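Numbering (my numbering), first residue to last: 18 to 702.
Reading through the structure tokens given below for one structure.
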Amino acid sequence: MSQSVGREIVIENNKSNLSHYRPEIDGLRAFAVVAVIINHFNKDILPGGYLGVDIFFVISGYVITSSLFGRPSKDFKHFISGFYERRIKRLIPVLVVFIVITSVLVSLFDPDPQIALRTGSASLFGLSNLYLLKHSTDYFAQSTELNPFVHTWSLGVEEQFYLLFPILVWFTGFGKQSIKGSRNLFFWIGILTTASLANFIYLYQINQPAAYFLMPSRFWEMSAGCLLFIGFQKRTQIERLLEHVPPLLVVAAIVTVMFFPVSAAVPATIGIVILTAVLIACLKKGTSAYNFFTLEKVVYIGLISYSLYLWHWSILSISRWTIGIHWWSIPIQFAAMLFAAILSNNLIEKPFRYKRWSKSTGFTIAYGIGIASMSAASIYFSRNYSQLIFLGKVDPLWGGISNEECFSGKKFSRKELISSCTLPPKKKDIPSLISIGDSQTGHLLSLLNRLNTETGAGIMYYTHAGLNFPSIRESGTNSFKTLEVFDDRYERHLNAYKAFIDSAQEEDILILSSRFEKHYWGLYRKPISNGELRLYFDESDQKYTFKDAFVAWKESMNQLIIQASQKGIRTVLFTSFPRIDGEIPKCLSDPQWFNNFSWCEDKTSVYFRDKIASQAMPVNNFLRDLATSNPSVYLFDQFNALCPPLSDKCIPSYTHDGIHLSRIGNKKLYDEFSNFLFANKLLSR
18 MSQSVGREIV
28 IENNKSNLSH
38 YRPEIDGLRA
48 FAVVAVIINH
58 FNKDILPGGY
68 LGVDIFFVIS
78 GYVITSSLFG
88 RPSKDFKHFI
98 SGFYERRIKR
108 LIPVLVVFIV
118 ITSVLVSLFD
128 PDPQIALRTG
138 SASLFGLSNL
148 YLLKHSTDYF
158 AQSTELNPFV
168 HTWSLGVEEQ
178 FYLLFPILVW
188 FTGFGKQSIK
198 GSRNLFFWIG
208 ILTTASLANF
218 IYLYQINQPA
228 AYFLMPSRFW
238 EMSAGCLLFI
248 GFQKRTQIER
258 LLEHVPPLLV
268 VAAIVTVMFF
278 PVSAAVPATI
288 GIVILTAVLI
298 ACLKKGTSAY
308 NFFTLEKVVY
318 IGLISYSLYL
328 WHWSILSISR
338 WTIGIHWWSI
348 PIQFAAMLFA
358 AILSNNLIEK
368 PFRYKRWSKS
378 TGFTIAYGIG
388 IASMSAASIY
398 FSRNYSQLIF
408 LGKVDPLWGG
418 ISNEECFSGK
428 KFSRKELISS
438 CTLPPKKKDI
448 PSLISIGDSQ
458 TGHLLSLLNR
468 LNTETGAGIM
478 YYTHAGLNFP
488 SIRESGTNSF
498 KTLEVFDDRY
508 ERHLNAYKAF
518 IDSAQEEDIL
528 ILSSRFEKHY
538 WGLYRKPISN
548 GELRLYFDES
558 DQKYTFKDAF
568 VAWKESMNQL
578 IIQASQKGIR
588 TVLFTSFPRI
598 DGEIPKCLSD
608 PQWFNNFSWC
618 EDKTSVYFRD
628 KIASQAMPVN
638 NFLRDLATSN
648 PSVYLFDQFN
658 ALCPPLSDKC
668 IPSYTHDGIH
678 LSRIGNKKLY
688 DEFSNFLFAN
698 KLLSR
């Protein structure tokens, strides 16, 4: 979210230079940012408060179109350079200072701030929405509430909108003030708006993160504001008609929509966009709503809303790493947000925005890009040294294999796999642990690294989220087909397996742990993907069921174990991970001196074990039979380790998202798994 322009909308022509300012728009900004802040403090209070960002999108489209209307320009170069000069002066200085300061703060309290720092670096180029999309289902990503830069996704969406919008404004004739310019822009924006809205509705059903983070699926919200402005210029009777709508009624409707549950996000988003457009139209002098939105203090909050939006999430995130969020802390945290926003606005935002940076527009743009680039580079390259300023005790689970490409599915040659994704045993008589799979293999990396540190075991490690290993395709069954979305994950898994097996020694240990759920075995007739490879039915194969898919997967597993045993390799199978649906308590890695109030916000939440166990029973029974019938196969019951059999409860702090281990869970599982390896004489102490 950003304030697209400031207080003034300047309409210039050959005869006049008039300044038009609508203070109620800033009041509406204040309403939107407060709704977002309330939601971010506690989602239960205002479940749809996040829709305040959508209000900003509509305002941005309306105001940016207003600011370009009637602005004289010599040519396209003058028009486009002037536009980007204003954007850079408006957005970059505050953003750079915010990113740099927050990067230092998060490094003080987060033992592993890599994802956060990369997000911050990406935001300086307007790319954090794409980075977050890439990692939206990533097993090693921190909880979004612990990443102080997650909210910059909206800046990315707007900045990407700015790449397209001024070009449309100019070449439709609107920027050149041609006779048909408004009509042409309305026509083309109308087409793109329709396509974008359709894309949002469709994409949300199959890929919610993409619908949420991508500019094409958000374009319609900003363009709605553009259409509103142009429509009023050409059809004043529509504006006069909307003026009769009681604005308080519209505000009440907006607040009502904000109480919709997250499951109703699509209709809620559409409703908010429409209602915001109507409110902008009917919010006229003389109404009670206008009087409220133009109150001096309300307008002031709107004027600092860009800085307030940036700093509020950073303060909440750092709070979660330290004191937590409690009833007694809220006044302190809100005061900190307001103080940071006022300071940022007065010392950075206003001075840099209205100061002349250079006599040349081109130099001003270059300065902005240069400052952003240097800041991003310094943050990105300093991330490996963040532990030097970390104030707590470093988590001993991290270390060993740290090459992110080994657990992000990079396409390696076999030689590169051995050099990048393996650690040799510390002694010749110690076996290596071979681990290949999806994100539920990925979340074992800390555990494996610790085994390397404490037992000397070697590691061969490669994961790619979204496709379990072995997959159905290995069985040779023709009933199921694969859909390649971004890359061929099956081939990469198989390439890693062959490379590791070829270099493995007798007595090495193959560890298989995957996400065992129905859609991994072809139940969806249409691909459902977050950039992941999914299995799906061919339309002509509708006779196949989950039972068929499960049979094919068991065949794949049997083949893989036979291949490993022929090489003298032992296999350890992990039972199904106890998936937990519902709200997950936010637990940090370890209690530290600075987070005693927040390290686990909910120590009492529990989930009933029997219900989860029944869902996992078919897979776990098969794995037990497989281990019983094959002397080289061992079964590690991670389900019982995380959901103790003598209890009717699973402890949710073992997972950070319901399907992957938290750091606390990693430590718990390490104790259980290492004892399992020692008891079965697979490793020695």
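We put the CB at the ideal spot given by N, CA and C, even for glycine.
Just so you know, these numbers come straight off a predicted model, no measurement behind them.
Give the range of the beta strand (DSSP E) segment to which M232 is assigned. The residue given as residue 232 occupies position 215 in the sequence shown. Counting along the chain, M232 sits inside no beta strand (DSSP E), nor does DSSP assign it H or E at all.
Quick check on DSSP: helix, strand or coil for S452? Your numbering for residue 452 matches position 435 in the sequence shown. Three-state DSSP puts S452 in a strand.
If I measure Cβ to Cβ from T672 and keep anything under 7 Å in the same chain, skipping five residues before and after, which residues do I get? Locating residue 672 in the sequence shown gives position 655, counting from the first residue. Closer than 7 Å at the Cβ level, and outside the excluded window around T672, lie I597, I601, L678, S679, G682.
V279: first and last residue of the uninterrupted beta strand (DSSP E) it sits in: As a position in the sequence shown, residue 279 is number 262, starting the count at 1. Boundaries cannot be given for V279, as no beta strand (DSSP E) includes it and DSSP labels it neither H nor E.
Report the residue ranges of all alpha helix (DSSP H) runs contained in full by the stretch 36-77; include only those spanning at least 4 residues, in chain order. Runs of the alpha helix (DSSP H) inside the stretch 36-77: 40-58.
Segment contact flag, the stretch 375-388 with the stretch 340-354, C-beta cutoff 8 Å, min 3 pairs: Not touching, per the Cβ criterion.
Under 7 Å Cβ to Cβ from I435, same chain only, skipping five residues before and after it: list those, please. For this step, residue 435 is matched to residue 418 along the sequence shown. Hits under 7 Å: A516, S520.
Contact check, Y221 vs V279 under 8 Å by CB: the rounded distance? Taking the sequence shown and counting its residues from 1, the one referred to as residue 221 is at position 204. Taking the sequence shown and counting its residues from 1, the one referred to as residue 279 is at position 262. Incorrect: roughly 12 Å between the Cβ atoms, too far for contact.
Once the 5 residues before and after I62 are set aside, which same chain residues still bring their CB inside 8 Å of it? Counting from 1 along the sequence shown, the entry for residue 62 is found at position 45. Excluding sequence positions up to five before and after I62, its CB lies within less than 8 Å of the CB of I55, N56, all in the same chain and listed in chain order.
Let's see if you can read the secondary structure: which residues bound the beta strand (DSSP E) around G475? Residue mapping note: residue 475 aligns to position 458 of the sequence shown, counting from 1. Segment 475-480, the beta strand (DSSP E) holding G475.
Residues that L529 bridges to, as DSSP identifies them: Here residue 529 corresponds to residue number 512 of the sequence shown, with the count starting at 1. For L529, which the question treats as bridged, DSSP gives the partners L590.
With a cut-off of 9 Å, does the C-beta of F188 fall near any C-beta of chain B? In the structure shown, chain B does not exist; there is a single protein chain.
Per-residue burial, F693 [other beta carbons within 10 Å of its own, 16 or more giving buried]: If you number the sequence shown from 1, residue 693 lands on position 676. Buried, by the Cβ-count rule.
Sub-9 Å separation of S138 and I109 beta-carbons: Here residue 138 corresponds to residue number 121 of the sequence shown, with the count starting at 1. Here residue 109 corresponds to residue number 92 of the sequence shown, with the count starting at 1. For S138 and I109, no; Cβs fall outside 9 Å.
In the DSSP assignment, the beta strand (DSSP E) including Y402 goes from what residue to what residue? In the sequence shown, counting from the first residue as 1, residue 402 sits at position 385. Counting along the chain, no beta strand (DSSP E) covers Y402, and no H or E run does either.
Taking C-alpha atoms, which residue in E313, E366, F653, G475 lies nearest to R39? What you label residue 39 is simply residue 22 of the sequence shown in a count that begins at 1. Ranking the options by Cα distance to R39, first place goes to E313.
Ordered along the chain, which non-local residues of its own chain (more than five positions away) have a Cβ less than 7 Å from that of W328? Numbered from its first residue, the sequence shown carries residue 328 at position 311. Residues F115, M354, A357, A358, S361 of the same chain have their beta carbon placed closer than 7 Å to that of W328, with the five preceding and five following residues left out of the count.
Can you grab the Cα-Cα spacing for the pair G44 / V315, in whole Å? By one-based count along the sequence shown, residue 44 stands at place 27. By one-based count along the sequence shown, residue 315 stands at place 298. Roughly 5 Å separates the two Cα atoms.
Bounding residues of the beta strand (DSSP E) (the contiguous stretch that carries T653): Looking up residue 653 in the sequence shown gives position 636. In the sequence under discussion, the amino acid at residue 653 is Phe, which differs from the Thr named in the question. Residue range 650-653 is occupied by the beta strand (DSSP E) that includes F653.
Just to confirm my understanding: we take S403, look at its own chain, exclude 5 residues before and 5 after, and list those with CB closer than 6 Å. What are they? Taking the first residue of the sequence shown as 1, we reach residue 403 at position 386. So the qualifying residues of the chain are S124, P130.
Own chain partners of T339 with C-beta closer than 7 Å, once the 5 adjacent residues on each side are dropped: For the purposes of this step, residue 339 is taken as the residue at position 322 of the sequence shown. Excluding five sequence positions before and after T339, the CB atoms of its chain that fall closer than 7 Å to its own CB belong to F126, F611, N612, S615, given in chain order.
Are there three or more Cβ pairs, one per stretch, closer than 8 Å when the stretch 201-213 is compared with the stretch 230-238? Yes, they touch.
Could you tell me the distance, in whole angstroms, from the CA atom of I704 to the CA atom of A658? With the chain covering only 18 through 702, there is no way to say anything about residue 704.
Which same chain residues, not among the five before or five after W415, have their C-beta less than 8 Å away from its C-beta? Here the question's residue 415 lines up with position 398 in the sequence shown. The predicted position of W415 is uncertain, since its pLDDT is 46 and thus under 50; a value taken from the coordinates is nonetheless stated next. The beta carbon of W415 sits closer than 8 Å to the beta carbons of P128, D129, S463, N466 from its chain, once the five residues preceding and following it are set aside; these are given in chain order.
Measuring alpha carbon to alpha carbon, tell me which residue in L122, I518, K444 is nearest L408. Position 391 of the sequence shown, counting from 1, holds the residue named residue 408. Out of L122, I518, K444, L122 has the C-alpha closest to the C-alpha of L408.
Quick check on T672: does DSSP put it in helix, strand or coil? Walking along the sequence shown from the start, residue 672 turns up at place 655. When secondary structure is reduced to three states using DSSP, T672 falls in the strand class.
Do you know offhand how far C243's Cα is from F166's? The residue labelled residue 243 in the question sits at position 226 within the sequence shown. The residue labelled residue 166 in the question sits at position 149 within the sequence shown. Going from the Cα of C243 to the Cα of F166 covers about 28 Å.
If I'm right that Y651 touches V589 with Cβ under 8 Å, what's the distance once you round it to whole angstroms? In the sequence shown, residue 651 corresponds to position 634, counting from 1. In the sequence shown, residue 589 corresponds to position 572, counting from 1. Yes, Y651 and V589 are in contact; Cβ-Cβ is about 5 Å, under 8 Å.
Find out if the Cβ-Cβ distance for the pair L325, F310 is shorter than 9 Å. Here residue 325 corresponds to residue number 308 of the sequence shown, with the count starting at 1. Here residue 310 corresponds to residue number 293 of the sequence shown, with the count starting at 1. When the beta-carbon positions are compared, L325 and F310 stay at least 9 Å from each other.
Rounded Cβ spacing between T480 and T458 (contact assumed at less than 8 Å): Here residue 480 refers to the residue found at position 463 of the sequence shown. Here residue 458 refers to the residue found at position 441 of the sequence shown. Yes, they are in contact, since the Cβ atoms of T480 and T458 sit about 5 Å apart, within 8 Å.
Would you kindly report the start and end of the unbroken alpha helix (DSSP H) that includes K106? Along the sequence shown, one-based indexing puts residue 106 at 89. That run of the alpha helix (DSSP H) goes 93-126.
Got a sec, what are the start and stop residues for the alpha helix (DSSP H) G585 sits in? Counting from one through the sequence shown, the residue named residue 585 turns up at place 568. Run containing G585: none; DSSP gives neither H nor E here.
Using 10 angstroms around the beta-carbon of Q250, count the other beta-carbons present and answer buried if the total reaches 16, otherwise exposed. Residue 250 sits at position 233 when you count from the first residue of the sequence shown. The residue in question, Q250, is exposed, as its Cβ has fewer than 16 Cβ neighbours within 10 Å.
Hey, quick one: how far does the alpha helix (DSSP H) through I347 stretch, first residue to last? Walking along the sequence shown from the start, residue 347 turns up at place 330. Start and end: 347-361.
Decide if N10 is buried, meaning its Cβ has at least 16 other Cβ atoms within 10 Å, or exposed. Because the chain in this structure spans residues 18 to 702, residue 10 falls outside the shown range and cannot be described.
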